[in-house]
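Chains as they are written, first to last, in my numbering: chain A, 165 to 540; chain X, 7 to 198; chain C, 25 to 234. For glycine and all other residues, C-beta sits at the position ideal for the given N, C-alpha and C. Predicted, not measured: the structure shown is a model, and the values here were computed from it. Note sheet for the following structure.
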Amino acid sequence: MAMPRLPDQEFETQDIMINMGPQHPSTHGVFRMVLTVDGEVVRDVVPYVGYMHRGAEKLCETMDYRQGIGYMDRTEYLANFNAELSYVMAVEQLMDIQVPERAQWIRMILCELNRISSHFMFTGAFGTDVGVFGTAFTYSFIQREIVQDLFEEITGDRLMYAYFRPGGLAWEVTDNFVERVREVLTQVKQGLKDVDGLMTANEIFIARTRGVGTISTEDAIDYGMSGPALRASGVDLDIRKTEPYLYYDQVDFDVPVGEHGDVYDRFLLRVEEIRQSIRIVEQCLERLRPGPILPERMPRMLRTPPGEVYIRTEAPRGEYGIYLVSKGGNRPYRLKIRSAGLSNLQALKEMTVGQYVADAVVILGSIDIVLCEVDR
Amino acid sequence: MTTDETQPARATGRGGAQPASPPPPPSFDDTIWPVVDRALAGVTATPERGSLDLIVHVPRDEVVAALRALKRHADLGFDYLRSLTAVDNEDEGIDVVYHLYSTAKRLNLTVKATLPNNDLRIETATGVWRAANWLERETAEMFGVTFAGHPDPRTLLLPEDMTDTFPLRKDHPLAEIEVLQGEGMGYTAEGQ
Amino acid sequence: MAVTPADVTTQPATEPRPAAPPAPEPTTPAVPGEHPNEAPRLTPVEVVPGRALYKEVLPGVLQVPADLLLAASRKSSLWPMTFGLACCAIEMIATYMSHYDLDRFGIVPWPSPRQSDVMIVAGTVTKKMAPAVKLLYEQMPNPKWVISMGACATNGGPYTRYDRVLQGVDKVIPVDVYVPGCPPRPEALMDAFLALQGMIMEERKAQGRA
Chain A
165 MAMPRLPDQE FETQDIMINM GPQHPSTHGV FRMVLTVDGE VVRDVVPYVG YMHRGAEKLC
225 ETMDYRQGIG YMDRTEYLAN FNAELSYVMA VEQLMDIQVP ERAQWIRMIL CELNRISSHF
285 MFTGAFGTDV GVFGTAFTYS FIQREIVQDL FEEITGDRLM YAYFRPGGLA WEVTDNFVER
345 VREVLTQVKQ GLKDVDGLMT ANEIFIARTR GVGTISTEDA IDYGMSGPAL RASGVDLDIR
405 KTEPYLYYDQ VDFDVPVGEH GDVYDRFLLR VEEIRQSIRI VEQCLERLRP GPILPERMPR
465 MLRTPPGEVY IRTEAPRGEY GIYLVSKGGN RPYRLKIRSA GLSNLQALKE MTVGQYVADA
525 VVILGSIDIV LCEVDR
Chain X
7 MTTDETQPAR ATGRGGAQPA SPPPPPSFDD TIWPVVDRAL AGVTATPERG SLDLIVHVPR
67 DEVVAALRAL KRHADLGFDY LRSLTAVDNE DEGIDVVYHL YSTAKRLNLT VKATLPNNDL
127 RIETATGVWR AANWLERETA EMFGVTFAGH PDPRTLLLPE DMTDTFPLRK DHPLAEIEVL
187 QGEGMGYTAE GQ
Chain C
25 MAVTPADVTT QPATEPRPAA PPAPEPTTPA VPGEHPNEAP RLTPVEVVPG RALYKEVLPG
85 VLQVPADLLL AASRKSSLWP MTFGLACCAI EMIATYMSHY DLDRFGIVPW PSPRQSDVMI
145 VAGTVTKKMA PAVKLLYEQM PNPKWVISMG ACATNGGPYT RYDRVLQGVD KVIPVDVYVP
205 GCPPRPEALM DAFLALQGMI MEERKAQGRA
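Here it is as structure tokens:
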């Protein structure tokens, strides 16, 4: 949407600084930004992060490798399995452990189901930002409860699973796992139709999101963005395709790529990724065979040899990387969590300057940040 | 997981007695090292094999020139900065680590520069990738490294009034568990 | 032949006037203070010791103490300020949603501190965030309560050993209910609200927090 040109003013105006404080219904957690506005048009955005900085990296240096899995959960609490996966993959890479096949397929199923529930949370929170206050949340949380019920049957916890271990899984899944996953997929497909009917073709929704918050391809790469926020700008970069881990190179799925780089593209991309995740899970269920979930000789004390590794996986928000430096022993020497939210937030100023104030909230919602991951 | 890189000849110390012969110098020709070596002509670069990617050690004063050369080289084109961080090796100094990625050629590279403990300054990489902006701010406040020429050297994650200690350094202790109310902030609960 | 009014008045009475009815015997009145000749106005009521007489006389009237009424209305309509900080916020939102509905208790999430009753501190409070928490607490009007949800708000939780984390939100604001868990289940948060409602009914302070 082209910015309208205002007639020349005869009087002088002043720019106002508006503080969207740490406590705000639509900042997705404790995020603060100071907008400098000229009338309704945003001239400058200064984001302040760090209100949720809890020192996960420092605390993990004092923890054993198995204790640190809980901290990864709490960093990225909407896509826990993807966060745990990066961490255990880093340990496995350093110790050169071969994970049994059944564990890898189950990991894939759980990670993709977690992607589905995370994207549903996005549709709920984003719908609330755009104006579908409450209804979007209700629809999306129904689907999240369905998926969380399945996770609770397997792992015992609703939100902080701590189920992956270096080498495989902590314990075997339930006996009716395959039937339950198929039930969940049926219900999720229906939920997707609800979300589509509510928002995708809604002309008010399109008017609020089409053409808003664009970022060009070169800028997106330069800022180090990743995930759906990057793919909406036309960059075909999905770590599941470019550097496949688990068995992503053996299943068939498409990676949606946007054209305009605006907010509506990011929304459509995530809804389409839910469909592709359903496709991946169905294929994984076909290939699941009985077998062990941990290698035969797992040491009781995990001691990694000296070395370092940077493992990157495609979390629902972007690239979740773990840089693990080990100098021997059973604790990491340095654990760096490369969070997608921090890198995506750097581009907020680029996307928001020149838009209206009401669009600032919509753009922030479309980046889909989780403050615990940004601040760690 | 892609495991197409073979492990280097490491002395494992297991497997019975073997005659003591020096291991052959490791060769990096099966990685992207030859191309990187050409790109970094004029910069003293030392390769090392990491667990997944190639690591290149570059002296501190030539880091930004090396990064710029790596970005501009036609065969490499590292246009994506994945991560920028630091590692505190207590006596040997602080290593600043850059993880690079090339979107066109799909290549990965890690670049490391070591800073001595008495002089923790390095030039900023924001001129090469804008992604380095916040990553350098975070590294600066966590380790006490100064990035010379940074456009916006404020604290990112830590509170503005607590910048005298650097949490991620090895000599920074963990907090003690406070038992009494009001110890942490100097506030007391109402009514007390 | 037409009878004129004149005829009526001059006619002598043919019948004697009927005698006045005998005076009713004086009876003891059922309700003391009533006149003996009055027709009874109220049906006699049996006085039962220990039972309020007015319930028989005026049915449909409930007599309650004023502070009980205030406390009952306050507990039935607690409006929490949406203050979800971290992972506990997700469980808090899940408790508001249709699966574990909190709206049936009258609990409606409200963004503004000026118009809310309860502050649910859901998540870790860092030292950077603590002044904002205190400011928001002071902006809430009396009566106000605080629920500290999760292990992090209780005493710092898993992050208590990091020195930029406030070890419990009760270091800056007074807390009424602590909910353990990391994160607490939605049922635990509902239990906390029920405990808070019980507290409100017991205390019944008319001025709120002094």
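Residue i: buried (16+ other C-beta within 10 angstroms of its C-beta) or exposed?
i        : result
C/Tyr78  : exposed
A/Arg434 : buried
A/Ala326 : buried
C/Met25  : Because the pLDDT at C/Met25 is just 48, under 50, the model does not fix this residue reliably, and the point stays unresolved.
C/Ala216 : buried
A/Gln178 : exposed
X/Ala47  : exposed
A/Gly288 : buried
A/Val526 : buried
A/Ile368 : exposed
A/Asn246 : buried
A/Gly203 : exposed
C/Ala234 : Because C/Ala234 sits at a pLDDT of 39, beneath the cut-off of 50, its placement in the model cannot be relied upon, and the following sentence gives the value as read from the coordinates. It counts as exposed.
Measure from the C-beta of residue i to each C-beta in chain C and report whether the shortest distance is under 9 angstroms.
i        : result
X/Leu162 : no
A/Tyr251 : no
A/Ile306 : yes
X/Met148 : no
A/Arg266 : no
X/Leu121 : no
X/Thr169 : no
X/Pro165 : yes
A/Gln351 : no
Is the shortest distance between the beta-carbon of residue i and the beta-carbons of chain X less than 9 angstroms?
i        : result
C/Thr184 : yes
C/Lys151 : yes
C/Asp141 : no
C/Gln191 : yes
A/Gly331 : no
A/Tyr428 : no
Where does residue i fall in DSSP's three states?
i        : result
A/Asn246 : helix
A/Ala326 : coil
X/Phe153 : strand
A/Ile310 : helix
X/Val117 : strand
C/Pro204 : coil
X/Ala131 : coil
A/Lys353 : helix
A/Asp358 : helix
A/Leu499 : strand
A/Glu256 : helix
X/His105 : strand
C/Arg138 : helix
X/Thr8   : In this predicted model, X/Thr8 has a pLDDT of only 40, less than 50, meaning its place in the structure is not dependable; the value taken from the coordinates is given anyway. The answer is coil: DSSP assigns X/Thr8 none of H, G, I, E or B.
To the nearest whole angstrom, what separates the beta carbons of residue i and residue j, a pair I think is in contact under 8 angstroms?
i        : j        : result
A/Leu449 : A/Val342 : 6 angstroms
C/Lys151 : X/Met168 : 7 angstroms
X/Ser108 : A/Gly485 : About 16 angstroms; that fails the 8 angstroms criterion.
A/Ala504 : A/Gly529 : Actually they do not touch by this definition, with Cβ atoms about 15 angstroms apart.
C/Lys158 : C/Asp141 : Their Cβ separation, rounded to whole angstroms, is 18 angstroms, which puts C/Lys158 and C/Asp141 out of contact at 8 angstroms.
A/Ser281 : A/Val311 : 4 angstroms
C/Pro135 : A/Pro189 : 4 angstroms
Taking residue i as the query, report the chain A residues whose CB atoms sit under 7 angstroms from its CB, ordered along the chain.
i        : result
X/Asn139 : Gln510
C/Pro135 : Pro189
X/Tyr86  : Ile385 and Gly388
Check the Cβ of residue i against every Cβ in chain A and list those closer than 9 angstroms, keeping chain order.
i        : result
X/Gly56  : Gly471, Glu472, Val473 and Tyr474
X/Val151 : Residues of chain A passing the Cβ test: none, with the nearest at roughly 14 angstroms.
C/Glu115 : Arg322 and Leu323
In chain C, which residues lie less than 9 angstroms from residue i when you measure between Cβ atoms?
i        : result
A/Met324 : Cys111, Cys206 and Pro207
Taking 9 angstroms as the CB-CB limit, is residue i close to chain A?
i        : result
X/Val93  : yes
C/Arg104 : The sequence shown places Pro at residue 104 of chain C, rather than the Arg named in the question. No, C/Pro104 lies away from the interface with chain A (no Cβ there is under 9 angstroms from its Cβ).
X/Asp10  : Here the model assigns X/Asp10 a pLDDT of 39, short of 50, so the residue's position is not dependable, and the following value carries that caveat. False, the Cβ-Cβ gap to chain A never drops below 9 angstroms.
Counting only Cβ pairs nearer than 8 angstroms, list the residues of chain A close to residue i.
i        : result
C/Ser122 : Thr302, Phe305 and Ile306
X/Ser89  : Tyr474, Gly485, Tyr487, Lys500 and Arg502
C/Thr148 : Met216 and Arg218
What does residue i touch in chain C if you count any residue whose Cβ is under 8 angstroms from its own?
i        : result
X/Leu180 : Arg185, Tyr186 and Asp187
Residues from the region 391–405 of chain A in contact with chain B, defined by Cβ distance under 8 angstroms
Reference to chain B is not applicable here, since the protein chains of this structure are A, X and C.
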